[in-house]
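Chemist:
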Amino acid sequence: MSAESKPLSGLRVLVPRGGTWGELVSKALREQGASTVIAPLVDFGHTSEEDKLVDALHRLEAGDFQWMTATSATVVDVLAHHQAVIPKHTEVAVVGEATLQAFEAAGYEVARTPQDGDNTTEGLLKVWPEIETDEVLKVLTLRSDVAKPVLTEGLISRGHDVTQVVAFRTVGVPASVHIREDVQSGRINALLIASPAIAREVAKQFPDIPENTIVACVGPHTHEAAIDSGVKHTAEHVESDMKHALIETVESVIDQSDMLD
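Its first residue numbered 149, the sequence shown is counted upward by one per residue in the working numbering.
Below is the structure:
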């Protein structure tokens, strides 16, 4: 397929997160013909449960947990920030391609992750045979302040001993003057909104989005948050083939769990 015939040819997309997530999404978009600008609009901040987190990480290093779960690549950053190490006998279960890549890049072996394209928290619960036995497992679940505790609730409902900790908060990051000018001028002609937190930052930081700019919200909750936040978008783009291709490309590599933080 030539560059001109790819579905996203000619599109310059703002990718609103960095790290493994941003690189994974950017690579997928470039393969479909887009050019990308990684400009993080959100990052992680210290949790309101810092003492609880520190205690849980000490217990983790001491070998108190048989399993640890994560649904965000940011958990790897939290572990590094606290200089915490997962013991070899503690097994790791994760959701999301970006999460998997981040853990593997940090040198951790992931024992359980969803299979067969069902890359969701429910999908992980389906392919985790150890949680369906009579043994009560001690599990540490680490998540963001905005992620729904689906894994935690699924494990508790099966009778396991779960320590759940909000490991980080999502905080806004101001875009550079250069990025704001590129959005306002239309040189960046597509904005990717991949979480409610990002929707709020887009509304606040880019109040005057040009009419020709495609605003692509990934997931219904994100779309609702964008509307509620007052993100301006052009109604004609709803049926745009390029907008649909942009969203589908992102969804092909990123699970909803990876969009919550």
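Think of the CB as a built atom: it goes at the ideal place given N, C-alpha and C, for glycine as much as any other residue.
DSSP three-state call for Ala232: helix, strand or coil?
Modeler: Looking at Ala232 - three-state DSSP - the assignment turns out to be coil, as it is neither helix nor strand.
Chemist: Can you tell me whether DSSP reads Trp276 as helix, strand or coil?
Modeler: Of the three classes helix, strand and coil, the one that applies to Trp276 here is coil, per DSSP.
Chemist: Tell me whether Asp409 sits in a helix, a strand or coil according to DSSP, three-state version.
Modeler: Any reading at Asp409 must be qualified, since the residue scores a pLDDT of 40, below 50, and its modelled position is unreliable; the value itself is stated next. Asp409 falls in the coil class under three-state DSSP.
Chemist: So, helix, strand or coil for Thr184, using DSSP?
Modeler: The answer is strand: DSSP assigns Thr184 an E or B state.
Chemist: Give the C-beta separation of Pro164 and Ala187 to the nearest angstrom, bearing in mind that I take them to be a contact with Cβ-Cβ under 8 Å.
Modeler: Indeed, because the Cβ distance is near 7 Å, the residues count as touching under 8 Å.
Chemist: Evaluate Ala253 with the Cβ neighbour count: other Cβ atoms within 10 Å of its Cβ, from every protein chain shown; 16 or more gives buried, anything less gives exposed.
Modeler: Per the 10 Å Cβ criterion, exposed.
Chemist: Would you tell me roughly how many angstroms separate the C-alpha atoms of Ala351 and Asp330, rounded to the nearest one?
Modeler: One C-alpha to the other measures close to 16 Å.
Chemist: Which of helix, strand or coil does DSSP assign to Phe354?
Modeler: Here Phe354 sits in coil by DSSP.
Chemist: For Glu239, I'd like the list of residues in its chain whose CB is within less than 6 Å of its CB, leaving aside the five on either flank, ordered along the chain.
Modeler: Counting only Cβ-Cβ distances below 6 Å, and skipping sequence neighbours, we find Trp215, Ala259.
Chemist: Within the same chain, show all residues whose beta-carbon is closer than 8 Å to that of Asp356, passing over the 5 residues directly before and after it, in chain order.
Modeler: Gln332, Lys380.
Chemist: Under the three-state reduction of DSSP, which class applies to Gly334: helix, strand or coil?
Modeler: Gly334: coil per DSSP, three-state reduction.
Chemist: From Glu209 to Gly302, what distance separates their C-alpha atoms?
Modeler: Distance between the alpha carbons of Glu209 and Gly302 is about 24 Å.
Chemist: Go through its chain and collect everything with a Cβ distance to Val401's Cβ below 6 Å, but skip five positions before and after it.
Modeler: Correct list, in chain order: Leu172, Ala176, Glu245.
Chemist: What residues in its chain sit with their C-beta under 8 Å from that of Thr370, if we drop five residues either side in the sequence?
Modeler: Within the same chain, Thr370 has close Cβ partners Ile341, Ala342, Ser343, Pro344, Ile346, Ala347, Met407.
Chemist: Going by beta-carbon coordinates alone, are Thr168 and Ala315 separated by less than 8 Å?
Modeler: Taking 8 Å as the Cβ cut-off, Thr168 and Ala315 do not qualify as a contacting pair.
Chemist: I need the DSSP call for Lys286, collapsed to helix, strand or coil.
Modeler: Residue state, collapsed to three classes: strand.
Chemist: Taking DSSP's pairing of strands, which residues face Val242 in a bridge?
Modeler: Answer is Ala218.
Chemist: Can you pull the DSSP bridge partners for Leu162?
Modeler: Paired residues: Val185, Leu339.
Chemist: For Phe213, which three-state DSSP category applies?
Modeler: Looking at Phe213 - three-state DSSP - the assignment turns out to be coil, as it is neither helix nor strand.
Chemist: Hey, how far is the Cα of Thr101 from the Cα of Val185?
Modeler: As displayed, the chain neither begins before 149 nor continues past 409, which places residue 101 out of reach and without an answer.
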